[in-house]
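Numbering (my numbering), first residue to last: 483 to 1005.
Glycine residues also receive a C-beta, built at the ideal position from the N, C-alpha and C atoms.
Below you'll find the structure, written out as structure tokens, and then a few comments.
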Amino acid sequence: MHPSIHAQEKPDAPAVIMSRTGQVVTYRELDGRSNQVAHLFRGRGLQRGDSVAVLMENLSTYFEIAWAAQRSGLYLVGVSSKLTADEVAYILADSEAKLLVTSEKLKEVAQAAAAARSVQVLAAAPDGLSGEFDRLRSTLPDARIADESSGADMLYSSGTTGRPKGVRPPLPEEPIDASTRITAQAKHRYGMTDHTVYLSPAPLYHAAPLRWCMAVQRLGGAVVVAEQADSEELLSLIERYRVTHAQFVPTHFVRMLRLPEAVREKYDLSSLVAVFHAAAPCPVPVKEQMLAWWGPIIHEYYAGSEGNGITCASPDEWLSHKGTVGRAFNCDVKICGDDGEPLAAGETGLVYFANGPCFAYHNDPEKTAAAYNQYGWSTLGDVGRLDEDGFLYLTDRKSFMIISGGVNIYPQEIENLLLEHPEIGDVAVVGAPDPEFGENVVAVVEPLRWPDDPSATAEQILAWAKSRLSPIKTPKRVDFIRTLPRTPTGKLLKRLVRDAYWQQNDDIAPQIIPGFKRTKERT
């Protein structure tokens, strides 16, 4: 299926609804505008295999550009709207983008980034208004271009461990309306149809929001784009638009559960059919509370932008294997030691995908080679274990493992426990330098309420943790921060927090307020 088909069969049905403005884009409008943009791309010299970059906040224009690239055989390069001009310039150069479409809000950054590369820049106006891009598009025919072919996305990592890396898959050879893996998953696993109303609360330049929104539009459903919605507003949108499906990250769940009970009970969420979450494993107590609140409709999956494999867990599967991120779907999962050899069930090691799609990091053969073992299996760098039934449990990323006195400590387990503390809104556990043990465990806490006496609050948190964790896992120190750094999709940027202790990261270190500083004590 494809928006062009829905434009013929149900032209006035909504393809996009912008939550703040209420703007609606119908399938007739989406198809016509994406055809116009395809003509615009051809007029600017873009041919099959070229790249077009998009730097903008969540605007309805994003979808007409995405579908124009999809039907023009182009790579769509989504660029984070939070990046500096230099960071954008790097992505433009690395992806070899020939055109950058931006918004009036980000035009200055876009022009500065594009200047060094002589990349064309076109700016779109906010929804409902007219900018240079919109005016040019409106002058072009809304008939299909003569040489339609399937395009693909080329998305970049967050870059917290160095320069972001793009994944440039081979362009599909199938027709533009051919079924895709994610569309099949949407239909058969989550029950999406042409009556689906899908809530997308994340920036469209990220892999999951963009891909799921486009999957819904392939099926003929409506996408409700939530622009910077807070926890209560998300509940309100579910009620207002009778949302049937949505994707969240665990941070959304944690923050919704922090709402007063009266607020949570205020909204009618009965329209929900299936909700799914990813980006990070959900702490067991949080998932249990969400299932108790919303019922057995919450699914989970684990995958990366690399597209090399996926695991999925239905609500029933999770309830019988609490903490899992699911079983392999259309691939195999292997757990391997540092030598690349497979480990037995129950043993912890690097998570590899086998018998799934291959990938390569663009312009980085060394990083690509490091992602594969001797059997050709690929890893995203996460650590985990498989149980006897083949369910995967993630422990953490290998790069965030703490080694204290020769003992491996995985921060995620400690973070999940600390999130149960009534004074903690968010937390990052990292290893800080220690002259005797190499590293010690530090908890950087974003409190629900800023403490009047940080030392006393830190002492209380440490005592609480000590009663629930083994001595080696118990933090030796608690520090506070007003807001932990996260991507707009909710993924914790732990590398930045860790760097505050090891490299005195100038962006994060000044924001960390020392809490309880333990005297030299080892347990």
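Item                                                                                                                                                   : Value
By Cβ distance, which residues of its chain are closer than 7 Å to Tyr-983, with the 5 residues on each side in sequence left out?                     : Val-912, Ala-914, Pro-915 and Val-924
What does DSSP give as the partner residues of Arg-879 in its beta bridges?                                                                            : Asp-864
Would you check if the region 675–695 and the region 945–964 touch, i.e. whether three or more CB-CB distances between them fall below 8 Å?            : no
In angstroms, rounded to a whole number, what distance separates the CA positions of Lys-955 and Ile-891?                                              : 7 Å
Between the region 643–656 and the region 610–623, do three or more beta carbon pairs fall short of 8 Å?                                               : no
Apart from the five residues on each side of it in sequence, which residues of its chain come closer than 6 Å, Cβ to Cβ, to Asn-790?                   : Phe-835, Gly-838, Pro-839, Phe-841 and Ser-860
Within 10 angstroms of its Cβ, does Ser-577 collect 16 or more other Cβ (buried), or is it exposed?                                                    : buried
Can you find at least 3 beta carbon pairs, one from the region 483–491 and one from the region 505–520, that sit closer than 8 Å?                      : yes
Short check: CB of Leu-558 to CB of Val-534, under 8 Å?                                                                                                : yes
With 16 other CB atoms within 10 Å as the buried threshold, where does Pro-904 fall?                                                                   : exposed
Ignore the nearest five residues each way along the sequence and tell me which others in His-870's own chain have a CB closer than 8 Å to its CB.      : The amino acid occupying residue 870 in the given sequence is Glu; His does not appear at that position. Within the same chain, Glu-870 has close Cβ partners Ala-827 and Gly-828.
Would you list the one or two residues that DSSP bridges to Ile-994?                                                                                   : Ile-963
Going by beta-carbon coordinates alone, are Val-927 and Ile-906 separated by less than 8 Å?                                                            : yes
In the DSSP assignment, what are the bridge partners of Ala-537?                                                                                       : Here residue 537 is Leu; the residue named in the question, Ala, does not match the sequence. Thr-584, per the DSSP bridge assignment.
Out of curiosity, what's the CA-to-CA distance linking Glu-747 and Asp-821?                                                                            : 52 Å
Could you give the distance in angstroms between the alpha-carbon of Leu-899 and the alpha-carbon of Val-768?                                          : 10 Å
Can you tell me whether DSSP reads Thr-678 as helix, strand or coil?                                                                                   : coil
With 16 other CB atoms within 10 Å as the buried threshold, where does Lys-976 fall?                                                                   : buried
In angstroms, rounded to a whole number, what distance separates the CA positions of Met-548 and Ala-728?                                              : For clarity, residue 548 is Ala in the given sequence; the question names Met instead. If I take the Cα positions, the gap works out to 20 Å.
For Met-636, name the three-state secondary structure that DSSP assigns.                                                                               : coil
Mark Gly-693 as exposed unless 16 or more other C-beta atoms lie within 10 angstroms of its C-beta, in which case mark it buried.                      : Reading off the sequence, residue 693 comes out as Arg, not Gly. Looking at its Cβ environment, which holds 16 or more other Cβ atoms inside 10 Å, Arg-693 is buried.
Going by the beta-carbon positions, is the gap between Ala-668 and Ala-690 smaller than 8 Å?                                                           : no
Could you check what DSSP says for Leu-574 in three-state terms: helix, strand or coil?                                                                : helix
Quick one: grab the DSSP three-state call for Met-738.                                                                                                 : helix
Is Leu-876 near Pro-996, with beta carbons less than 8 Å apart?                                                                                        : no
So Lys-647 packs on Lys-973, CB below 8 Å; how close in whole Å?                                                                                       : The Cβ separation is near 16 Å, so there is no contact.
Buried or exposed: where does Leu-930 fall if 16 or more other Cβ atoms within 10 Å of its Cβ makes it buried?                                         : exposed
Please give me, in chain order, every unbroken run of the alpha helix (DSSP H) with length at least 4 that falls completely inside the region 689–732. : 689–701 and 713–723
Quick check on Ser-753: does DSSP put it in helix, strand or coil?                                                                                     : coil
From the DSSP output, read off the bridge partner residues of Gly-920.                                                                                 : Asp-916
Which two residues bound the contiguous beta strand (DSSP E) that contains Phe-835?                                                                    : 831–836
Does DSSP put Ala-597 in a helix, in a strand, or in coil?                                                                                             : helix
Rounded to whole angstroms, what is the Cα-Cα separation between Phe-523 and Ala-756?                                                                  : 37 Å
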